[in-house]
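Since the structure comes first, as structure tokens, the remarks are kept for the end.
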Amino acid sequence: MNLLIYLVRTIFNLYSWLIIIRALISWIAPNIFDPNWRRLLRLIYDLTEPVLRPIRRYLPENSWGIDFSPLVAILLLSILRGFIVQLLLAISLDLRI
Numbered sequence: 009m010n011l012l013i014y015l016v017r018t019i020f021n022l023y024s025w026l027i028i029i030r031a032l033i034s035w036i037a038p039n040i041f042d043p044n045w046r047r048l049l050r051l052i053y054d055l056t057e058p059v060l061r062p063i064r065r066y067l068p069e070n071s072w073g074i075d076f077s078p079l080v081a082i083l084l085l086s087i088l089r090g091f092i093v094q095l096l097l098a099i100s101l102d103l104r105i
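The sequence shown stops at residue 105 when you use our numbering, and every number in between is there.
Structure (structure tokens):
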């Protein structure tokens with residue numbers, strides 16, 4: 009069970025870092041003409057957009073042009089990770105009895 013908890017934590021942490029990387033990339037101008045960069049950017053966007061798009065629908069538009077969906081996504085992922093880890097810990101304690 010410890011391995012499963014470790015895997016859940018690692019997956020959530022990696023996905024959170026992927027969202028952070030996407031946010032940082034949006035602040036710089038990467039070389040999109042380089043095919044390697046373009047593939048990497050496409051991969052990052054394809055992996056993170058399914059989580060960020062629904063959050064954007066519920067966030068109000070702001071006049072500054074700042075996208076707060078990565079911040080909200082990381083917060084929600086952190087809460088979900090904690091819930092799942094606590095659930096797995098409770099299940100593992102029940103299985104030991």
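Don't be surprised by glycine CBs; every beta carbon is placed ideally from N, CA and C.
From this set, the options, which residue's C-alpha is nearest residue i's C-alpha?
i: I19; options: I92, L97 and P58; result: I92
i: F76; options: Y14, I99, R47 and I28; result: I28
i: I74; options: N44, P38 and L32; result: L32
i: L85; options: L101, N70, V59 and P43; result: V59
Using the rule of at least 16 other Cβ atoms within 10 Å of the residue's Cβ for burial, across every protein chain shown, is residue i buried or exposed?
i: R30; result: buried
4 or more residues per run - each alpha helix (DSSP H) lying fully within the stretch 36–103: Secondary structure within the stretch 36–103: the alpha helix (DSSP H) runs of 4 or more consecutive residues, fully enclosed, are 43–66 (chain order).
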